[in-house]
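In full-length UniProt numbering, the protein residues as written are 1 to 102.
Don't be surprised by glycine CBs; every beta carbon is placed ideally from N, CA and C.
Data block below; observations after.
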Amino acid sequence: MPSPAPTPVSTRPDTALVRRARKVDRLLAAAYPDARCELDFGTPFQLLVATVLSAQTTDKRVNSVTPALFAAYPDPASLAAADRADVERIVQPTGFFRAKTE
């Protein structure tokens with residue numbers, strides 16, 4: 001017996017979910033008005049990479065390695081083409097560097 005056709009997934013956001021997310025954002029902003037990210041970043045790409053590196057280490061440690069990493073590999077294409085050993089060497093102080101370079 002053939003499998004049923006998959007149900008198409010909507011690409012439009014659920015209006016109720018968007019409203020709820022906005023409400024949660026407002027509540028968090030009111031509860032924590034001075035909250036800010038401790039990671040240093042200049043672009044969404046840098047924030048993504050810094051967040052991955054922050055697993056099992058401190059933001060201070062991540063902030064100590066990202067300047068060298070982003071100087072050598074400033075964008076996704078350059079990081080994707082990077083020599084893995086070089087990236088491992090740069091991010092090694094964050095711990096679990098082999099897993100994080102994958």
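If you draw a straight line from the C-alpha of residue i to the C-alpha of residue j, how long is it?
| i | j | result |
| --- | --- | --- |
| residue 146 | Asp59 | The chain is shown only over 1 to 102; residue 146 falls outside these bounds and no answer can be derived. |
| Lys100 | Leu69 | 13 Å |
| Ala21 | Asp14 | 11 Å |
| Arg98 | Glu88 | 6 Å |
| Arg61 | Phe96 | 13 Å |
| Ala80 | Ala72 | 12 Å |
| Cys37 | Pro4 | 45 Å |
| Tyr32 | Thr57 | 23 Å |
| Ser10 | Ala16 | 14 Å |
| Val18 | Arg26 | 12 Å |
Residue j and residue i - do their beta-carbons sit closer together than 8 Å?
| i | j | result |
| --- | --- | --- |
| Val24 | Val65 | no |
| Thr94 | Leu53 | yes |
| Leu39 | Ala30 | no |
Taking the alpha carbon of residue i as the reference point, which residue from the options has its own alpha carbon closest?
| i | options | result |
| --- | --- | --- |
| Pro76 | Phe45, Ala31, Val62 and Tyr32 | Phe45 |
| Gly42 | Pro67, Pro33 and Leu28 | Pro67 |
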